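What follows is a single structure, written as structure tokens, with notes after it.
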Amino acid sequence: MTSATRATAPNPADAAPAADSDAPVLRTLTALAGHDKSGRSEHADVTFRPGEVTALLGPTGSGKSRFLYDIESLADADTPSGRRILLDDAVPDAERRFALQGRLVAQLTQNMNFVLDMRALPFIRMHAESRAVPDPDATARAVLAAANDLAGEPFADDAHLTQLSGGQSRALMIADAALLSWSPVLLIDEIENAGVDKRRALDLLLRSDKIVVIATHDPVLALSADRRLVFEHGAVRSVLRRTTEEARLLAHVSAMEDQLSDIRARLRRGVSVA
Amino acid sequence: MRLVTVAGPPSCGKTAVLSRACGLLAARGVRTAVVKFDCLQTRDADAYAAAGITAVAALSGGLCPDHFFATNLEEAWDWAAGTGAECCVIETAGLCNRCSPHLRGALALCVVDNLMGIDAPEKIGPMLRLADMALVTKGDLVSQAEREVYRHRIRQMNGRALIRHINGLTGQGCQELATVLSRAPDIATVTDMRLRFAMPAAVCSYCLSETRIGARYQKGNVRKAEFAPVPARDPEGEAAYAAGGPGGPREPGVSGERP
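Protein chains in written order, with our numbering: chain A, 1086 to 1359; chain B, 181 to 439.
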């Protein structure tokens, strides 16, 4: 009996019954300017492209979450911000909107634990199978290798997900999202608090060819992003591209961070730091 | 009146998402009436009332809740019609996980949560397999990878249902659910409607309040499970071990308890 759902909207499942191999390809996603909490117009439209990292900055309550929700729900001037979301420069038609709703955005929240009672490799292999990749086992092993590259402490293929440390869990979540997630947009909340190698994580995400949006308070990450959106009072106040001076500053703060990491590593090993 | 059946295991969030969605419908001027079928006790009618939704609870008590649902559907429908509602929502507790309250010709929803374990979609059977839409709750408590794998497992069990993530606490997905509810099939009467799945037969002495254990108390529709014997490893050695023979628990020098 499908008359009820047919009456509601086209059913994307009819076309692809078993595997979610129908991951959408997105050339651009645009948030048409809305207004802030007082009704004043937003600074500008913002267009996102795959392979590009955008950092969101601004204090709590400044509108970052609302912005992300507008993207996720494909806002059509029907949310408090009045924003409209365009996909590939056009308002998505009913069918596309329906197929994407709730799946456009993959989210990595500050969640640091898995809850599923499975071992790492079978779990990732199941994810790979759901994406109908040609060689699920090899793909799953590549994801685990990438995760181990990010994690401070490597973990085994047969480790239980629930027994991974916070950093290991987060590393696996990042590697999986970059390499296996269905969604063309990836949103990450504060990658810097994760206990993972954040710059390697950023490289991995860049290569994922997804639209990557990171909410961050970390100066190195914020400067590493191609572009920064600064929020205030519920709206985008400014859109800043990294300048040449900022690129030099990035090199400087990165060097400072390397120095800190080196001191930390020496202290851990009991080697003289003086 | 439109008719929707909503099924899902206990505590998966059915009432939270439905009271949200029905509240959103009320704001659009669409009145709903909710009938909650439950077993022993429920405070869900209060939860609906707090959200301004007309609701009533029906408790099956000592009866099989599935059969109770089927035998009271006409009365539930009449009650809902009497409230002047445009949409009647029947919410059923987990029942026995073997059942499905879904009806041919009515909209059928199944609510499952992301914390139930990877095999849960298989275990809950017909209430998920025969649903038009699967609503997945508690996605905010698991990782993106787990959400996607879980969704795949649901898809394996039901190849055609819409699968949506929904959150009754934040309201994520509730507007869309409200729209789906408002477009449920409009039907004249539930009389002569058919269940999508036959309910389990259950007429044995325990249905009639038998409490004693033992084959001689079992009458009626009784089926015995097969418990295959586990092959013994070494009956003689085990018997000797139990009797305190060489290497046995009571053999001094092995236990190390000799003074």
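Every residue, glycine too, gets a C-beta built ideally from N, C-alpha and C. Note that the structure is a prediction, hence the values are computed from the model and not measured.
Inset, instruction - With a threshold of 16 other CB atoms inside 10 Å of the CB of PRO301/B, please say whether the residue is buried or exposed. - result: Against the second sequence, residue 301/B aligns to sequence position 121. By the 10 Å Cβ count, PRO301/B comes out buried.
Legend entry - Coil, strand or helix - LEU1352/A by DSSP: Translated into positions along the first sequence, residue 1352/A becomes position 267. Three-state result, LEU1352/A: helix.
Legend entry - Where GLU1157/A sits in the DSSP three-state scheme: For the purposes of this step, residue 1157/A is taken as residue 72 along the first sequence, with counting starting at 1. Helix.
Inset, instruction - Please classify GLN1192/A: does DSSP put it in a helix, a strand, or coil? - result: Sequence index remark: in the first sequence, residue 1192/A carries index 107 (1-based). In the structure shown, GLN1192/A sits in a strand (DSSP, three-state: E or B).
Inset, instruction - Could you name the residues of the same chain whose beta carbon sits closer than 6 Å to that of ARG1312/A, not counting the 5 residues immediately before and after it, in chain order? - result: Translated into positions along the first sequence, residue 1312/A becomes position 227. THR1139, ARG1326, listed in sequence order.
Legend entry - Spatial distance of GLY188/B from ILE346/B (CA atoms): To locate residue 188/B, count along the second sequence from 1; it is residue 8. To locate residue 346/B, count along the second sequence from 1; it is residue 166. For GLY188/B and ILE346/B, the distance between alpha carbons rounds to 14 Å.
Legend entry - Against chain D: residues of the region 1151-1185 of chain A by CB proximity under 7 Å: Given the protein chain composition of this structure (A and B), no chain D is represented.
Inset, instruction - Assign SER1346/A to one of two classes, buried (16 or more other C-beta atoms within 10 Å of its C-beta) or exposed (fewer than that). - result: As a working note, residue 1346/A is residue 261 in the first sequence. Exposed, by the Cβ-count rule.
Inset, instruction - Using three-state DSSP, classify ALA1103/A as helix, strand or coil. - result: Position 18 of the first sequence, counted from the start, is the residue given in the question as residue 1103/A. Here ALA1103/A scores only 37 on pLDDT, less than 50, and its place in the model should not be relied on; the value that follows carries that caveat. ALA1103/A falls in the coil class under three-state DSSP.
Inset, instruction - To the nearest angstrom, report how far apart MET379/B and HIS282/B are at their CA atoms. - result: Against the second sequence, residue 379/B aligns to sequence position 199. Against the second sequence, residue 282/B aligns to sequence position 102. When rounded, the distance between both Cα atoms is 11 Å.
Inset, instruction - Could you check what DSSP says for ARG1134/A in three-state terms: helix, strand or coil? - result: In the first sequence, the residue the question calls residue 1134/A occupies position 49. Correct three-state label for ARG1134/A: coil.
Legend entry - Contact set for LEU1291/A: own chain, Cβ-Cβ below 8 Å, skip 5 residues either direction: Along the first sequence, one-based indexing puts residue 1291/A at 206. Only GLY1136, VAL1138, VAL1297 meet the Cβ criterion.
Inset, instruction - Quick one: list the residues of chain A neighbouring LEU451/B, beta-carbon separation under 7 Å, in chain order. - result: Outside the shown range of chain B (181 to 439) lies residue 451/B, about which nothing can therefore be said.
Legend entry - Beta-carbon neighbours of ASN1196/A, restricted to chain B and to distances below 7 Å: The count along the first sequence starts at 1 and reaches residue 1196/A at position 111. Result: SER323.
Inset, instruction - Verify the CB distance criterion: does MET1258/A have a CB-CB separation below 8 Å to chain B? - result: Translated into the one-based positions of the first sequence, residue 1258/A becomes position 173. Closer than 8 Å to some Cβ of chain B, the Cβ of MET1258/A qualifies, so yes.
Inset, instruction - Provide the residue span of the alpha helix (DSSP H) that contains SER199/B, from first to last. - result: Mapped onto the second sequence, residue 199/B falls at position 19. Counting along the chain, the alpha helix (DSSP H) containing SER199/B begins and ends at 194-207.
Inset, instruction - Could you tell me whether any Cβ in chain B is nearer than 8 Å to the Cβ of SER1266/A? - result: Walking along the first sequence from the start, residue 1266/A turns up at place 181. Yes, its Cβ sits closer than 8 Å to a Cβ of chain B.
Legend entry - Contact with chain A by HIS247/B, beta-carbon distance below 8 Å: The count along the second sequence starts at 1 and reaches residue 247/B at position 67. For HIS247/B, the answer is no, since every Cβ of chain A falls outside 8 Å of its Cβ.
Legend entry - Buried or exposed (CB count within 10 angstroms, at least 16 for buried), PHE407/B: Translated into positions along the second sequence, residue 407/B becomes position 227. By the 10 Å Cβ count, PHE407/B comes out exposed.
Inset, instruction - Following the continuous alpha helix (DSSP H) through MET379/B, name the residue where it begins and the one where it ends. - result: Locating residue 379/B in the second sequence gives position 199, where the first residue counts as 1. Careful: MET379/B lies outside any alpha helix (DSSP H) and carries neither H nor E.
Legend entry - Segment contact flag, the region 1260-1278 of chain A with the region 309-328 of chain B, C-beta cutoff 8 Å, min 3 pairs: yes
Inset, instruction - Name the residue from GLU266/B, ALA265/B, THR263/B, ALA237/B whose alpha carbon lies nearest to the alpha carbon of ASN252/B. - result: Translated into the one-based positions of the second sequence, residue 252/B becomes position 72. If we check each option's Cα against that of ASN252/B, ALA237/B comes out closest.
Inset, instruction - Spell out whether any CB of chain B is found under 8 Å from the CB atom of MET1211/A. - result: Reading the first sequence from its first residue, position 126 is the one you call residue 1211/A. For MET1211/A, the answer is yes, since a Cβ of chain B falls inside 8 Å of its Cβ.
Inset, instruction - Classify ASP224/B as buried or exposed, calling it buried when 16 or more other Cβ atoms lie within 10 Å of its own Cβ. - result: Translated into the one-based positions of the second sequence, residue 224/B becomes position 44. ASP224/B comes out buried.
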